[in-house]
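Quick note, the working numbering runs 1 ahead of the 1-based positions in the sequence shown.
Accompanying notes for the structure given below.
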Amino acid sequence: MDAARNSAEVTTTYRIDLCPGDDFYVCDQLQSWQSTGINGQGGKENVLLGSLNSSTIAPGDFTLRLSVTSTHTASGRRQTINDFHTVIKDQDHDGIIDDGDNCTLAANPDQRDTDGDGFGNACDADLDNDGKVTLSDFRLLLLVMYNAAPGIEPHVLADHVDFNNNALVDFADFYVFRRSFAAPPGPSCCAVALP
Ligand SMILES: [Ca+2]
Ligand SMILES: [Ca+2]
Ligand SMILES: [Ca+2]
Ligand SMILES: [Ca+2]
């Protein structure tokens, strides 16, 4: 056995592929593996294989496949071992995976949700909770422009309008509002119906 493990007699290569989907078996069946461009020769312990920019990958969960192929120099015999990892997407890179992020496209690590409707403040300019960001919401914003937002119970309107959580309603919040105008709040992992 010791002879078989002698690294001088075996060359090792690796490659990492990815597949859109969280089931490696389905990925195999559909042959949907795509190259990540990460590959090379290895063999030693604790090799850094490379880094992958997940922002270039389409939204959703995906699977990574690490393939390590060992080739016996003398006989040419090969053996490939695969290892699979499911990766859960965090589109806004705020450290909260999309499945549990109340603003999947707005970075809001605090997940603050003043009105408790499941849309984080960072993506919830629907201040009157009628399902859309309209002029009626804008009027509410104007009522508390330049107001302090203490962020403590019981919450005041300014706490909700303080989209960026800097304890003040100002133009930074207005810009968040403007981006959201004429659209529904969110998207969120887990909107809830208010009573
Ligand atoms: Ca977020
Ligand atoms: Ca909310
Ligand atoms: Ca509204
Ligand atoms: Ca603010």
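Every residue, glycine too, gets a C-beta built ideally from N, C-alpha and C.
The structure displayed is predicted, hence computed values, not measured ones.
So, with DSSP's three-state summary, where would you put S71?
On the sequence shown, residue 71 is found 70 positions in, with the first residue counted as 1. Strand.
Please report the straight-line C-alpha distance between N167 and A150, rounded to a whole angstrom.
Translated into positions along the sequence shown, residue 167 becomes position 166. Translated into positions along the sequence shown, residue 150 becomes position 149. The alpha-carbon separation between N167 and A150 amounts to approximately 8 Å.
Do you know offhand how far H156's Cα is from T115's?
As a first step, residue 156 must be located in the sequence shown, where it is residue number 155. As a first step, residue 115 must be located in the sequence shown, where it is residue number 114. Going by the C-alpha atoms only, they are around 7 Å apart.
Just mark P196 as buried or exposed, buried being the case when its beta carbon has 16 or more other beta carbons within 10 Å.
Counted from its first residue, the sequence shown places residue 196 at position 195. Note on P196: under 16 other CB atoms within 10 angstroms of its CB, so exposed under the neighbour-count rule.
Proximity below 8 Å, CB of D169 to CB of D163
Within the sequence shown, numbered from 1, the residue matching residue 169 stands at position 168. Within the sequence shown, numbered from 1, the residue matching residue 163 stands at position 162. Position check: residue 169 holds Leu in this sequence, whereas Asp was assumed. Contact: yes.
May I ask you to check if the CB of D116 is nearer than 7 Å to at least one heavy atom of ligand 2?
Working through the sequence shown from its first residue, we reach residue 116 at position 115. Yes, since a heavy atom of ligand 2 falls inside the 7 Å radius drawn around the Cβ of D116.
If you draw a straight line from the C-alpha of C20 to the C-alpha of T64, how long is it?
Counting from one through the sequence shown, the residue named residue 20 turns up at place 19. Counting from one through the sequence shown, the residue named residue 64 turns up at place 63. Taking the CA atoms as reference points, C20 sits about 5 Å from T64.
Between the C-alpha atoms of A200 and Y15, what's the straight-line distance to the nearest angstrom?
Outside the modelled stretch of the chain, which goes from 2 to 196, sits residue 200, for which no answer is possible.
In the DSSP assignment, find the alpha helix (DSSP H) that holds D129 and state where it starts and stops.
The residue you call residue 129 lines up with position 128 of the sequence shown. Boundaries cannot be given for D129, as no alpha helix (DSSP H) includes it and DSSP labels it neither H nor E.
Unbroken beta strand (DSSP E) runs of length 3 or more, entirely within the stretch 122 to 168: which are they?
Listed in chain order, the beta strand (DSSP E) runs fully inside the stretch 122 to 168 amount to none, counting runs of at least 3 residues.
Could you tell me whether any non-hydrogen atom of ligand 1 is closer than 7 Å to the CB of Q72?
Here residue 72 refers to the residue found at position 71 of the sequence shown. As written in the sequence, residue 72 is Thr, which differs from the Gln given in the question. T72: no, Cβ never under 7 Å from ligand 1.
Tell me, which residues are paired with I17 by DSSP?
By 1-based counting over the sequence shown, the position of residue 17 is 16. For I17, DSSP records a beta bridge to I39 and L67.
Nearest candidate by alpha-carbon position, reference D23, set H86, R180 and T72:
The sequence position of residue 23 within the sequence shown is 22, counting from 1. Residue H86 is the option with its Cα nearest to D23.
Is V193 a contact residue of ligand 5, with contact defined as CB to any heavy atom under 7 Å?
This structure simply doesn't include ligand 5; it includes ligand 1, ligand 2, ligand 3 and ligand 4 instead.
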